[in-house]
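Numbering (UniProt numbering), first residue to last: 1 to 266.
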């Protein structure tokens with residue numbers, strides 16, 4: 001029954017991947033925290049690592065299914081992508097040595113700070129007019145993220161297992177991107193961040209002994225979530241639902257806060 005429940009939750013993960021660019025982080029961390037609560041002080045570590053694996057696979061599928069015209073917003077952003085990957089590897093490595101309480105409450109603090117920022121600063125719920133740069137192109141999407149933010153974004157995202165959308169989507173929104181463009185581009189950015197993060201996790205010797213746990217990965221939970229999520233990602237990416245901008249932005253905010261609350265009380 002637990003496996004079937006995770007498959008159904010995987011459908012929700014697939015939905016958030018397409019609509020909000022979360023790649024699963026804001027859903028899988030709380031869910032794995034609840035499922036593996038009996039691991040005690042290792043729970044947050046397993047949740048972060050398993051979330052990274054689920055996000056990576058979801059991000060690969062979502063990116064492959066994305067229109068080339070949308071991915072073009074990341075054209076010539078090699079410095080940003082490289083620094084995101086570097087940050088992702090460093091964050092995953094640091095997470096191996098961090099106390100479990102730091103991972104859990106770091107996740108909650110990260111969510112809380114972002115939620116406050118979205119409410120306090122303008123530009124997220126109602127985007128400003130798109131800016132045209134000096135070569136006549138609309139400055140939105142990936143162009144709204146300075147390369148200097150690559151390592152901090154990648155590091156925090158992989159350290160806590162939340163993916164990069166929590167920082168990249170608001171940045172892209174404030175640069176003039178629509179919610180559809182911002183959340184869609186969050187998937188390839190998550191792919192770049194989580195690839196080295198998952199590699200670090202896999203190569204690290206196993207430290208937790210429990211059924212279905214390999215290293216710090218709960219492979220059974222990850223498989224169930226992916227079985228539920230991947231078909232929905234492929235289906236919805238080809239038929240992206242049309243959602244009013246303001247509702248799309250508030251949906252992102254509500255899911256963000258809900259994930260933080262679940263981890264805080266788990």
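In this text, a Cβ means the ideal position worked out from N, Cα and C, and glycines have one as well.
Task: C-alpha distance - residue 112 paired with residue 152, whole-angstrom precision - done: In the chain shown, residue 112 corresponds to position 112, counting from 1. In the chain shown, residue 152 corresponds to position 152, counting from 1. Roughly 17 Å between the two C-alpha positions.
TODO: Give me whichever residues DSSP pairs with residue 53 in a beta bridge.
DONE: For the purposes of this step, residue 53 is taken as the residue at position 53 of the chain shown. Partner(s): none; residue 53 has no beta bridge.
Task: For residue 44 and residue 90, the rounded distance between their alpha carbons - done: The residue labelled residue 90 in the question sits at position 90 within the chain shown. The residue labelled residue 44 in the question sits at position 44 within the chain shown. In a straight line, the C-alpha of residue 90 is about 18 Å away from that of residue 44.
Open item on the list: In this structure, how does DSSP classify residue 111 when only helix, strand and coil are distinguished?
Closed with: Position 111 of the chain shown, counted from the start, is the residue given in the question as residue 111. In this structure, residue 111 counts as helix in the three-state DSSP scheme.
Open item on the list: Please report the straight-line C-alpha distance between residue 94 and residue 159, rounded to a whole angstrom.
Closed with: As a first step, residue 94 must be located in the chain shown, where it is residue number 94. As a first step, residue 159 must be located in the chain shown, where it is residue number 159. Roughly 7 Å separates the two Cα atoms.
Task: Buried or exposed (CB count within 10 angstroms, at least 16 for buried), residue 30 - done: Against the chain shown, residue 30 aligns to sequence position 30. Buried, by the Cβ-count rule.
Task: Nearest neighbour of residue 21, chosen from 225, 181, 217 [CA to CA] - done: For the purposes of this step, residue 21 is taken as the residue at position 21 of the chain shown. Cα-wise, what sits closest to residue 21 is 181.
Task: Alpha-carbon to alpha-carbon, residue 242 and residue 195 - done: Position 195 of the chain shown holds residue 195. Position 242 of the chain shown holds residue 242. Approximately 30 Å, taken between the alpha carbons.
Open item on the list: I'd like to know if the stretch 9-17 and the stretch 220-237 are in contact, where contact means that at least 3 CB-CB pairs between them fall below 8 Å.
Closed with: yes
TODO: Could you tell me whether the stretch 31-38 touches the stretch 73-84, where touching means 3 or more Cβ pairs closer than 8 Å?
DONE: no
TODO: Classify residue 218 as helix, strand or coil using the three-state DSSP reduction.
DONE: Indexing the chain shown from 1 puts residue 218 at position 218. Note: residue 218 maps to strand in three-state DSSP.
Open item on the list: Only counting the same chain, and skipping five residues up and downstream in sequence, which positions put a Cβ closer than 6 Å to that of residue 220?
Closed with: Stepping through the chain shown from its first residue, residue 220 is reached at position 220. These residues qualify, in order along the chain: 212.
Task: Local Cβ density within 10 Å of residue 117, reported as buried at 16 or more and exposed below that - done: Here the question's residue 117 lines up with position 117 in the chain shown. Label assigned to residue 117: exposed.
TODO: State the DSSP-derived secondary structure class of residue 31, mapped to helix, strand or coil.
DONE: By 1-based counting over the chain shown, the position of residue 31 is 31. Of the three classes helix, strand and coil, the one that applies to residue 31 here is helix, per DSSP.
TODO: Have a look at the DSSP bridge pairing and note the partners of residue 213.
DONE: Residue 213 sits at position 213 when you count from the first residue of the chain shown. 218.
Task: Under 8 Å between C-beta atoms of residue 52 and residue 201 - done: On the chain shown, residue 52 is found 52 positions in, with the first residue counted as 1. On the chain shown, residue 201 is found 201 positions in, with the first residue counted as 1. Yes, the Cβ-Cβ distance between residue 52 and residue 201 is below 8 Å.
Task: Beta-carbon spacing of residue 255, residue 6 below 8 Å - done: Stepping through the chain shown from its first residue, residue 255 is reached at position 255. Stepping through the chain shown from its first residue, residue 6 is reached at position 6. No, these two residues do not count as a Cβ contact at 8 Å.
TODO: Please classify residue 68: is it buried, with 16 or more other beta-carbons within 10 angstroms of its beta-carbon, or exposed?
DONE: On the chain shown, residue 68 is found 68 positions in, with the first residue counted as 1. Exposed: under 16 other Cβ atoms inside 10 Å.
Open item on the list: I'd like the span of the alpha helix (DSSP H) that includes residue 89, first residue to last.
Closed with: Position 89 of the chain shown, counted from the first residue, corresponds to residue 89. That run of the alpha helix (DSSP H) goes 78-95.
Task: Check whether residue 147 and residue 193 have beta carbons under 8 Å apart - done: On the chain shown, residue 147 is found 147 positions in, with the first residue counted as 1. On the chain shown, residue 193 is found 193 positions in, with the first residue counted as 1. Contact flag unset, no.
Open item on the list: Given this structure, state the Cα-to-Cα distance separating residue 121 from residue 161, to the nearest angstrom.
Closed with: Stepping through the chain shown from its first residue, residue 121 is reached at position 121. Stepping through the chain shown from its first residue, residue 161 is reached at position 161. Approximately 25 Å, taken between the alpha carbons.
Open item on the list: When you compare the CB positions of residue 185 and residue 16, do they come within less than 8 Å of one another, or not?
Closed with: Looking up residue 185 in the chain shown gives position 185. Looking up residue 16 in the chain shown gives position 16. Against a cut-off of 8 Å, the Cβ pair of residue 16 and residue 185 comes out as no contact.
Open item on the list: Between residue 197 and chain B, is the shortest Cβ-Cβ distance under 8 Å, so that the two count as touching?
Closed with: The structure shown contains no chain B, having only a single protein chain.
- [ ] Answer with buried or exposed for residue 19, where buried requires no fewer than 16 other C-beta atoms within 10 angstroms of its C-beta.
- [x] In the chain shown, counting from the first residue as 1, residue 19 sits at position 19. Answer is buried; the Cβ neighbour count reaches 16.
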